[in-house]
Amino acid sequence: MASEPECLTCGACCFSQLERYVQVTGADYERLGERAEELVSFDGHQAHLRMVDGHCAALRVEASSGRFVCSAYEARPQTCRELARGSPECRAERDAKADRPLIALSRRREA
Ligand code: SF4
Ligand code: SF4
14 MASEPECLTC GACCFSQLER YVQVTGADYE RLGERAEELV SFDGHQAHLR MVDGHCAALR
74 VEASSGRFVC SAYEARPQTC RELARGSPEC RAERDAKADR PLIALSRRRE A
């Protein structure tokens, strides 16, 4: 039905220039387990996934395979779980940011 690509070849929704992008609730923090300290940043009582180079710190941009891999997939926050591939939200993410993962990938390959 949807013309969207596989998420592993897209990655758009994991990109943002915002410092506070994906909210992390108490339940999300628990689920992240031993990755929580590395991946979550706090601002007062608010917690969000840490952002690095314009994308979520959990995202691996793989130069060799050209894939965008969520390294915390099984434990990802609820916000990520709710964004279904092919949904209007997914399409909006791709419309706004589809170029960013490709730019990140070519930078990674040049490094
Ligand atoms: S924007 Fe859509 S197709 Fe791309 S990674 Fe996110 S859910 Fe998957
Ligand atoms: S936790 Fe995974 S799915 Fe969610 S924004 Fe980060 S890399 Fe993307």
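FYI, the numbering for the sequence shown is 14 to 124, going by our numbering. We put the CB at the ideal spot given by N, CA and C, even for glycine. Because the structure is a prediction, the values reported are computed rather than measured.
Among Gln36, Cys69, Glu47 and Gln59, which one has its Cα closest to the Cα of Ser29? Counting from 1 along the sequence shown, the entry for residue 29 is found at position 16. Per the Cα distances, Cys69.
So, helix, strand or coil for Asp56, using DSSP? Numbered from its first residue, the sequence shown carries residue 56 at position 43. Correct three-state label for Asp56: strand.
Helix, strand or coil for Gln91, going by three-state DSSP, please let me know. In the sequence shown, residue 91 corresponds to position 78, counting from 1. DSSP places Gln91 in helix when its eight states are reduced to three.
Once the 5 residues before and after Ala34 are set aside, which same chain residues still bring their CB inside 8 Å of it? Walking along the sequence shown from the start, residue 34 turns up at place 21. Rather than Ala, the amino acid found at residue 34 in this sequence is Tyr. Hits under 8 Å: His61, Leu62, Met64 and Cys69.
Need the endpoints of the beta strand (DSSP E) that Arg98 sits in, please. On the sequence shown, residue 98 is found 85 positions in, with the first residue counted as 1. No beta strand (DSSP E) contains Arg98, which DSSP labels as neither H nor E.
What would DSSP say about Arg33, mapped onto helix, strand or coil? Against the sequence shown, residue 33 aligns to sequence position 20. Coil, per DSSP.
Per DSSP, which one or two residues make a beta bridge with Cys83? The residue labelled residue 83 in the question sits at position 70 within the sequence shown. Answer is Leu72.
Option nearest Gln36 by Cα separation, candidates Val53, Cys20, Arg48 and Cys26: Taking the first residue of the sequence shown as 1, we reach residue 36 at position 23. Answer by Cα proximity: Val53.
Just the Cα atoms here: how many angstroms apart are Ala111 and Arg73? For this step, residue 111 is matched to residue 98 along the sequence shown. For this step, residue 73 is matched to residue 60 along the sequence shown. In this structure, the CA atom of Ala111 is about 16 Å from the CA atom of Arg73.
Which two residues bound the contiguous alpha helix (DSSP H) that contains Glu123? Locating residue 123 in the sequence shown gives position 110, counting from the first residue. Taken as a continuous stretch (DSSP letters only), the alpha helix (DSSP H) holding Glu123 covers Asp112 to Glu123.
Glu43: CB within 8 Å of a non-hydrogen atom of ligand 1: For this step, residue 43 is matched to residue 30 along the sequence shown. No.
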